[in-house]
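Heads up, the thing below is written out as structure tokens.
Written as structure tokens, this is what we have:
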């Protein structure tokens with residue numbers, strides 16, 4: 005039943021509880037209790053509105069690969085937290101492999117993107133290398149249940 009609730013909420017996160025209960029075939033009170041339990045257990049980590057970055061004046065998106073210096077491993081958490089707090093940053097991915105991070109950013113224009121990379125990444129003492137790839141289009145996948 006929990007998987008059914010999660011599946012419906014992934015498609016329609018703003019669905020009222022009574023409609024969610026109808027979709028999954030249980031009483032509204034049961035549905036509410038199960039949804040609250042999913043939140044408390046950390047299965048559902050939040051509800052949010054997904055906004056087009058272009059609409060808020062940031063039409064340029066890029067994925068930036070970041071490789072840290074070998075002696076900067078102790079500051080990985082601080083570095084990723086600092087990135088996640090920046091207005092341009094949409095997502096920070098900590099990786100295994102050659103690169104340490106992929107940073108998904110949205111910028112106002114090419115100059116804004118360049119300034120972000122130079123001021124926040126290339127000049128950071130922890131950073132050994134960056135590679136910026138422009139994103140032309142993004143399609144959200146569906147996590148299978």
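Numbering (our numbering), first residue to last: 5 to 149.
Idealized CB from N, CA, C, for every residue including glycine.
Remember, it's a predicted structure, so these values are computed and weren't measured experimentally.
- Task: With DSSP as the reference, please indicate the residues paired to residue 134 in a beta bridge.
- Result: 70
- Query: Just to confirm, are residue 64 and residue 117 a CB contact at a threshold of 8 Å?
  - Reply: yes
- Inside the segment 27-76 only - beta strand (DSSP E) runs reaching at least 3 residues: 64-72
- Item | 4 or more residues per run - each alpha helix (DSSP H) lying fully within the segment 87-124 | 114-120
- Query: So is residue 56 buried or exposed if we call it buried at 16+ other beta carbons inside 10 Å?
  - Reply: exposed
- Item | CB-CB length for residue 131 against residue 94, believed under 8 Å | At roughly 19 Å, the Cβ-Cβ gap does not stay under 8 Å, so residue 131 and residue 94 are not in contact.
- Task: Report the rounded CA-to-CA distance for residue 125 versus residue 90, giving the unit in angstroms.
- Result: 12 Å
- Can you name the start and end residues of the alpha helix (DSSP H) that residue 15 belongs to? 6-15
- Message: With distance defined between alpha-carbon atoms, name the residue in 43, 83, 17, 112 nearest to residue 92.
- Response: 112
- Task: Assign residue 34 to buried or exposed, taking buried as 16 or more other Cβ atoms, counted over all protein chains shown, within 10 Å of its Cβ.
- Result: exposed
- Message: Beta-carbon within less than 6 Å of residue 79's beta-carbon, same chain only, minus the 5 sequence neighbours each way: which residues are those?
- Response: 130
- Query: How many angstroms separate the CA atom of residue 2 from the CA atom of residue 146?
  - Reply: Not covered by the structure: residue 2. The range shown for the chain is 5 to 149.
- Since residue 47 contacts residue 134 with CB under 8 Å, what's their CB separation in whole angstroms? Their Cβ separation, rounded to whole angstroms, is 35 Å, which puts residue 47 and residue 134 out of contact at 8 Å.
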